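As structure tokens, the structure follows; a few thoughts come after it.
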Ligand code: AMP
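Next comes the structure, spelled out in structure tokens:
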């Protein structure tokens, strides 16, 4: 039997309803904060990710799906969304539009990860970027939109970790400080971190090996080494978050796994997820577009891991999304079967969701099926109903039954009270 590649998943109903509901909230929330959707290709020239994400990052070093196309060009399945947005900004001359641009995206990303719970090789991210604004207000607005999204999903226990990564001018000083702090313990680090210490010491702080995390806990914080400009910037972001009542903690070790970040970086952590607890990561990337050969255009953004988000979705939101809001129309007898599709189409045009019993199940079998699949409203159409121009409607949640004129069903459906909670 054919099997899907390791690290990929089939998204099946009813779980797909959760994903749709989450994506609807994302579109509505980010739209309400003035953003619009951007869709970029799922594969790009490999060079784009090498230059933006950074040659020495884990992503570029060992996690990319890279392949030559038939003409020998090196292409890569996108491991993240920001690089493609930056490329699209340049290529489509979005700089000629009024700045800033607020852009969100939803779609699959690809990384060759080691197999473990919460890590997939194809996973989906929901991201938001504000390009063309360098103010602390831009960072704060972005975080406010993100926070609002989580609030609308009903999350109450998420923690925002925030840090200052400094400006690129501060980076060499900070790298020296990390090297100096870790040199005496070099041998205790994993092989990757020993290499990182030479190539890009910041990456040691991001190592997933527990013993490296213990050692890295003692290195100085960037904020102690950073210049005034970045410290003031992040302080103003924090002041806005306080004013908005958005809780956060300063995490002086937070660095993130991508090279293009500077100044503000953040992660959102769910206490319900064990080792892979980070639901969302983001930060400011004022040099990214220039590094890709464009002008010095600032930006700030985040990406939420949708797979993990759905795993810890608050129960009330999930229950509402899983409720099956359809009318199950069961025709009984040949004459009713002839009428069923016509009637269903009229109701559908009136805004009702209708599932017709098209396999000829008996009423008894149809009611069993409704129960099994969580269908709440069964509309029964037999010879008596046909003669009277009515339909008999049973509400399985309230255990009630009424006869309605055919044209009254849409109004009845719209006025339906919420189902009582199941014991
Ligand atoms: P990053 O682009 O690495 O900052 O990741 C942002 C978010 O995407 C993470 O916090 C995760 O929630 C999610 N994510 C990243 N990699 C994976 C993966 N391999 N599988 C599932 N989710 C992921």
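Residue numbers (this note's numbering): 26 to 448. Using N, Cα and C, we set each Cβ at its ideal position, and we do this for glycine too. Nothing here was measured: the structure is a model prediction, and the numbers come from that model.
Since residue i is in the alpha helix (DSSP H), which residue starts that stretch and which ends it?
| i | result |
| --- | --- |
| residue 230 | Residue 230 -> no alpha helix (DSSP H), and no H or E assigned at all. |
| residue 130 | Unbroken run through residue 130 is the beta strand (DSSP E), 126-135; no alpha helix (DSSP H). |
| residue 435 | 434-439 |
| residue 313 | 313-316 |
| residue 459 | The first residue shown for the chain is 26 and the last is 448, placing residue 459 beyond what the model contains. |
| residue 373 | 359-374 |
| residue 56 | 40-57 |
| residue 221 | 216-224 |
| residue 259 | 253-269 |
| residue 85 | That residue, residue 85, is in no alpha helix (DSSP H); it is neither H nor E in DSSP. |
The beta strand (DSSP E) spanning residue i covers which residue range?
| i | result |
| --- | --- |
| residue 427 | 425-430 |
| residue 68 | 68-70 |
| residue 353 | 349-356 |
| residue 303 | 303-309 |
| residue 101 | 99-102 |
| residue 27 | Where residue 27 is concerned, there is no enclosing beta strand (DSSP E), given that its DSSP letter is neither H nor E. |
| residue 91 | 91-93 |
| residue 405 | 400-406 |
| residue 328 | 324-330 |
| residue 155 | 147-156 |
| residue 415 | 415-420 |
| residue 287 | 287-294 |
| residue 185 | 184-189 |
Ignore the nearest five residues each way along the sequence and tell me which others in residue i's own chain have a CB closer than 6 angstroms to its CB.
| i | result |
| --- | --- |
| residue 84 | 78 and 104 |
| residue 209 | none |
| residue 143 | 301 and 333 |
| residue 419 | 403 and 426 |
| residue 369 | 354, 379 and 381 |
| residue 241 | 229 and 230 |
Contact criterion: CB-CB distance below 8 angstroms. Does residue i meet it with respect to chain B?
| i | result |
| --- | --- |
| residue 127 | Absent from the structure: chain B. Only one protein chain is present. |
Can you tell which of the options has its C-alpha closest to the C-alpha of residue i?
| i | options | result |
| --- | --- | --- |
| residue 228 | 281, 194 and 188 | 281 |
| residue 423 | 407, 347, 396 and 416 | 396 |
| residue 133 | 38, 200, 399 and 32 | 32 |
| residue 323 | 54, 163 and 149 | 163 |
| residue 233 | 440, 26, 82 and 393 | 82 |
| residue 194 | 183, 143 and 312 | 312 |
| residue 302 | 441, 437 and 182 | 182 |
| residue 137 | 101, 320, 52 and 418 | 101 |
| residue 286 | 340, 30, 122 and 255 | 255 |
| residue 363 | 327, 390 and 408 | 408 |
| residue 135 | 199, 93, 69 and 374 | 69 |
| residue 259 | 275, 244 and 269 | 275 |
| residue 63 | 238, 337 and 117 | 117 |
| residue 139 | 67, 26 and 87 | 87 |
Are the CB atoms of residue j and residue i within a distance shorter than 8 angstroms?
| i | j | result |
| --- | --- | --- |
| residue 151 | residue 293 | no |
| residue 331 | residue 110 | no |
| residue 115 | residue 188 | no |
| residue 361 | residue 406 | yes |
| residue 525 | residue 107 | Missing from the structure shown is residue 525; the chain here goes from 26 to 448 and no further. |
| residue 308 | residue 325 | yes |
| residue 320 | residue 314 | yes |
| residue 416 | residue 431 | yes |
| residue 165 | residue 266 | yes |
| residue 50 | residue 174 | yes |
| residue 161 | residue 262 | yes |
| residue 30 | residue 146 | yes |
| residue 438 | residue 400 | no |
| residue 372 | residue 435 | yes |
| residue 76 | residue 316 | yes |
| residue 304 | residue 295 | yes |
Ignore the nearest five residues each way along the sequence and tell me which others in residue i's own chain have a CB closer than 7 angstroms to its CB.
| i | result |
| --- | --- |
| residue 170 | 54, 55, 58 and 153 |
| residue 410 | 416 and 417 |
Leaving out five residues before and five after residue i in sequence, what residues of the same chain have Cβ atoms less than 8 angstroms from its Cβ?
| i | result |
| --- | --- |
| residue 271 | 168, 169, 172 and 185 |
| residue 335 | 40, 43, 44 and 47 |
| residue 386 | 355 and 394 |
| residue 277 | 188, 246, 247 and 248 |
| residue 141 | 300 and 301 |
| residue 398 | 349 |
| residue 99 | 70, 71, 72, 91, 92 and 93 |
contact_flag[the stretch 188-205, the stretch 222-237] where n(CB pairs < 8 angstroms) is 3 or more
yes
Check whether the stretch 151-160 touches the stretch 126-141, taking contact to mean three or more Cβ pairs, one atom from each stretch, closer than 8 angstroms.
yes
Taking contact to mean at least 3 C-beta pairs separated by less than 8 angstroms, is the stretch 39-57 in contact with the stretch 344-357?
yes
Any contact of the stretch 234-241 with the stretch 205-219, i.e. 3+ C-beta pairs under 8 angstroms?
yes
So, do the stretch 175-183 and the stretch 284-292 have three or more beta carbon pairs nearer to each other than 8 angstroms?
no
Flag this pair as touching only if the stretch 352-368 and the stretch 377-390 have three or more C-beta atom pairs under 8 angstroms; answer yes or no.
yes
Please confirm if the stretch 244-251 is in contact with the stretch 188-200, defined as three or more CB-CB distances below 8 angstroms between the two stretches.
yes
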